[in-house]
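One structure below.
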């Protein structure tokens, strides 16, 4: 099958694509993900599907094997990581392009053709589009996730878990970092850019996703992991001499650390009992200053969120609360990264705790 080149108008052959899915205990979503790839508007004979399982105890591998032409790769790792799964997948194939997907996503039917057209520019090493939540109305956490998946189109400084990458770029960079449990996608992005390629975000839907986040515990765990990822990637980028994620990292440290520091000092001052009236005034000032630091988006940026994210005032206030308080679990994720670096004990995934859920019960 052939298509038109966007640059010359010439008829060109569609390339083969290796589609690599990763997951652990993802039986609730894996079948739908595989079906979305198989039914995509792309020649089926040019799609080579690999499901890499990180050590499931459910029926994930059996589900993958039920689909004709899908190769299931069981890693059975005690501490699975996304990077290890993705590396095993792309190294198993040989196609010039590799589409990576998480097993809780659905590939948009028209995505591959659009992405392949963008890849006709040999300067492009990776192409991504938009990820949208299937059920943002089911929880405030899903809604936040849906809002934050969206980014500006054009040249991008990083990609996430869903992306089409040129095999040549993977080979030149040696692929994903297999140690990281967070931030492995942006970390690879930066190495691809330094190797001379561009990353492009198209104005097109790439995947639909089900975050299936229903509880505060899930939200805090995810924020903790994101803080860990910020620290891990920022540590590597600082060594490379770039400013990537510098602002995000400093924002978490200054806002979260400033809040905790002010509250700790105020508590110690009150405990000291030294010159009670002066101490109380100073302690109250520190408390107020710490709260102001933490709640700066909530207090000062409502109109900005309304304008930039096309939100009404109620939605902007809700999002501002998230932006204010999320830095606290993220700060603990940063602390965990540096503690693990000092003690040589990086954060690890335990496969028994990993699973993919649904926002609504499966039928």
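Numbering (this note's numbering), first residue to last: 1 to 363.
Heads up, the beta-carbon is just placed ideally off N, CA and C, and yes, glycines get one too.
Fair warning: this is a prediction, and the values are worked out from it, not measured in the lab.
If the five residues before and after residue 58 are omitted, its C-beta is found closer than 6 Å to the C-beta atoms of 25, 27, all from its own chain and listed in chain order. Taken in chain order, the complete beta strand (DSSP E) segments of 3 residues or longer contained in the segment 74-119 are 97-102, 105-107. In the three-state scheme derived from DSSP, where H, G and I count as helix and E and B as strand, residue 318 is classed as helix.
By alpha-carbon distance to residue 220, the top candidate from 332, 82, 33, 17 is 332. The beta carbon of residue 32 is closer than 8 Å to those of 106 in its chain, skipping five residues each way along the sequence.
According to DSSP, residue pairing for residue 130 in a beta bridge involves 205. In the DSSP annotation of this structure, the continuous segment of the beta strand (DSSP E) that includes residue 21 starts and ends at 17-23. Counting only residues of its own chain and dropping the five nearest sequence neighbours on each side, residue 143 has a CB closer than 6 Å to the CB of 136. Spatial neighbours of residue 348 in its own chain (CB-CB distance under 6 Å, excluding positions within 5 residues in sequence) are listed in chain order as 79. For residue 166, there is no enclosing alpha helix (DSSP H); the enclosing beta strand (DSSP E) covers residues 163-166. The Cβ atoms of residue 50 and residue 71 lie closer than 8 Å to each other. The secondary-structure analysis by DSSP pairs residue 156 across a beta bridge with 199. Residue 47 is bridged by DSSP to 17. When Cβ pairs closer than 8 Å are counted between the two stretches, the segment 212-219 is seen not to touch the segment 187-203, the count staying below three. Contact between residue 246 and residue 327 does not hold, since the beta-carbon distance rounds to 15 Å and is not under 8 Å. Here the C-alpha atom of residue 120 lies approximately 21 Å from the C-alpha atom of residue 160. Exclusion of the five residues before and after residue 177 leaves 83, 184, 187 as the residues of its chain whose Cβ lies within less than 6 Å of its Cβ. Judged by DSSP secondary structure, residue 140 falls within the alpha helix (DSSP H) whose first and last residues are 140-149.
The beta carbons of residue 223 and residue 329 sit closer together than 8 Å.
Of all alpha-carbon atoms in 103, 61, 163, the one lying nearest the alpha-carbon of residue 21 is that of 103. Linking residue 236 to residue 249 through their CA atoms gives a straight-line distance of about 13 Å. Only residues of its own chain outside the window of five on either side were considered, and among them 114, 115, 118, 127, 128, 129, 153 have a CB closer than 8 Å to the CB of residue 202, listed in chain order. For residue 65, the enclosing alpha helix (DSSP H) starts and ends at 60-65. The alpha carbon of residue 92 has as its nearest neighbour, out of 156, 196, 74, the alpha carbon of 74.
Residue 248 sits in a helix when the DSSP states are folded into three classes.
Judged by DSSP in its simplified three-state form, residue 185 adopts helix. Shown here for residue 323: same chain residues with a beta carbon closer than 7 Å to its own, the five before and five after excluded, namely 297 in chain order. Contact annotation, residue 356 with residue 23: C-beta distance approximately 6 Å; criterion of less than 8 Å satisfied. Of the residues assessed, residue 307 falls on the exposed side of the cut-off, its CB having fewer than 16 other CB atoms within 10 angstroms. In the DSSP assignment, residue 53 is bridged to 23, 74. Cβ atoms of residue 181 and residue 225 come within 8 Å of each other, at about 7 Å. Between the alpha carbons of residue 256 and residue 325 lies a distance of about 8 Å. The Cβ-Cβ distance between residue 99 and residue 17 falls below 8 Å. Take residue 266, set aside five residues on each side of it, and the residues of its chain with a beta-carbon closer than 6 Å to its own are 283, 286, 287, in chain order.
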